[in-house]
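Visitor:
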């Protein structure tokens, strides 16, 4: 995002190295079960405490991606290697290096006629890891159309043209996936409301604009979500990080960058590209999961599981143990016909934790059906899906 960066001085290599040395190091040892169904393939695992973790669904791998990052090669404050190290510590599957193609405030200090340079450095830094690094560029124009990211590029230099539509066409000719950045940015939308212009509609119709940031940095746009639903665009969430992820998103205090969870058939750049083309994305921002119900609910069902249900002692109060194996804290509102012995109707399922509910069933049952409105999951503006848990009762 184009901002006044006068207050952002380039960080010294010594300071950055000291900061990163103090962070927990992730081994980034991710292994996904192969799409071929090979039973010997390892499951998707994470090693770092700060790793962003969401389980795979029965049909797809849950790949965590950040498709909007900057370095000193445009208006960011760090060298490209730092973006790779941050991604490894977050155990991301994929990042895109998306420098502003036109806006180059550091050109006097870091002249670089080759707009692929930051990507080349990041790719070399990631060579001994499993991190997927994509070449991207931020097409940086006034509104309309505003700023857009083209990813899966083969040559960013080709986008450096005067005519804005020609830039989108150059990206399209390389097979890029292009999405609209921060459509609610108050520097270009004074009221913070995302809305389409005729140029956006033309680009969408011609297949040159295929996604939209519903989340950018610290902001969420319900209007952008509605645009995505109305125009069949991929729902995207990104950090748009310019400084250091840990500082911008308070990672040491338990915060996290926004990411796009891509439901991919294979852990590869092509697998991610195909998933984006088929709009199989979910955004995780703060404590919200945002996406189409067909995509977000498989992630929810893979994350929440009933591990045990039984009647303790001589009582008709059913004890139900619910495990959350994801990084999201789910906020639920009870819509079941049952009330709880120790809680009200608002239930919290903390990440990587088992929550115990004492359910007043009034009589001994062999199974119960529990329903919850998922307040921390958004499938459309103002719309929350319903989670249904069918709970068999054991001993």
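In the working numbering, the protein residues as written are 1063 to 1457. Glycine residues also receive a C-beta, built at the ideal position from the N, C-alpha and C atoms. Treat the numbers as computed from the prediction; the structure is a model and nothing was measured.
1) Measuring only the C-alpha atoms, how far is residue 1244 from residue 1256?
2) Please confirm if the stretch 1440-1457 is in contact with the stretch 1344-1361, defined as three or more CB-CB distances below 8 angstroms between the two stretches.
3) Which residue's Cα is closest to the Cα of residue 1157: 1168, 1141, 1181, 1167?
4) Which first and last residues belong to the beta strand (DSSP E) in which residue 1262 is found?
5) Any chance the stretch 1283-1299 sits against the stretch 1115-1124, with 3 or more Cβ pairs inside 8 angstroms?
6) Going by DSSP, which residues form a beta bridge with residue 1422?
7) In the DSSP assignment, find the unbroken alpha helix (DSSP H) run with residue 1309 in it and report its ends.
8) In whole angstroms, what separates the C-alpha of residue 1399 from that of residue 1432?
9) For residue 1247 and residue 1303, what's the separation of their Cα atoms in angstroms?
10) Thinking residue 1426 and residue 1390 are a contact (beta carbons under 8 angstroms), I'd like their distance in whole angstroms, please.
11) Return helix, strand or coil for residue 1010, following the three-state DSSP convention.
12) Name the residue from 1175, 1203, 1234, 1242 whose alpha carbon lies nearest to the alpha carbon of residue 1219.
13) Rounded C-beta distance between residue 1353 and residue 1343? I'm assuming under 8 angstroms.
14) Between 1412, 1365, 1239, 1392, which lies nearest to residue 1117 when the distance is taken from Cα to Cα?
15) Residue 1362 and residue 1439: beta carbons closer than 9 angstroms?
16) Tell me which residues share the same chain as residue 1262 and place their Cβ nearer than 8 angstroms to its Cβ, disregarding the 5 neighbours each side in the sequence.
17) Classify residue 1275 as helix, strand or coil using the three-state DSSP reduction.
18) Between which two residues does the beta strand (DSSP E) harbouring residue 1347 extend?
19) With a cut-off of 8 angstroms on the beta carbons, I'd call residue 1368 and residue 1451 a contact; round off their distance for me.
20) Residue 1209 lies in the beta strand (DSSP E); which residues open and close that run?
21) Looking only at DSSP bridge pairs, what is residue 1359 linked to?
22) Which residue comes first and which comes last in the beta strand (DSSP E) that contains residue 1411?
23) When the distance is taken between beta carbons, is residue 1196 closer than 9 angstroms to residue 1331?
24) List in chain order: all unbroken beta strand (DSSP E) runs of 3+ residues lying wholly within the stretch 1178-1236.
25) Does DSSP put residue 1321 in a helix, a strand or coil?
26) Distance cutoff 9 angstroms, beta carbons only. Does residue 1366 sit that close to anything in chain C?
27) From residue 1454 to residue 1410, what does the alpha carbon distance come to, in whole angstroms?
28) By DSSP's criteria, residue 1141 is part of a beta bridge. Which residues make up the other side?
Guide: Working from what's here:
1) 8 angstroms
2) yes
3) 1181
4) No beta strand (DSSP E) contains residue 1262, which is instead part of the alpha helix (DSSP H) from 1260-1267.
5) no
6) 1379, 1401
7) 1307-1310
8) Between residue 1399 and residue 1432, the alpha-carbon positions lie close to 8 angstroms from each other.
9) 15 angstroms
10) At roughly 34 angstroms, the Cβ-Cβ gap does not stay under 8 angstroms, so residue 1426 and residue 1390 are not in contact.
11) Here the chain comprises residues numbered 1063 to 1457, so residue 1010 is not present and cannot be evaluated.
12) Out of 1175, 1203, 1234, 1242, 1175 has the C-alpha closest to the C-alpha of residue 1219.
13) 6 angstroms
14) When each option's Cα is compared against that of residue 1117, the closest is 1365.
15) In this structure, residue 1439 lies closer than 9 angstroms to residue 1362 by Cβ.
16) 1206, 1207, 1242, 1271
17) strand
18) 1343-1347
19) Contact between residue 1368 and residue 1451 holds: their C-beta atoms lie close to 6 angstroms from each other, under 8 angstroms.
20) 1209-1213
21) Paired residue(s): none; residue 1359 is not in a bridge.
22) 1408-1411
23) yes
24) 1194-1202, 1209-1213
25) strand
26) This model lacks chain C altogether; it includes just one protein chain.
27) If you take the alpha carbons of residue 1454 and residue 1410, they lie about 22 angstroms apart.
28) Answer by DSSP bridge pairing: none, since residue 1141 is not bridged.
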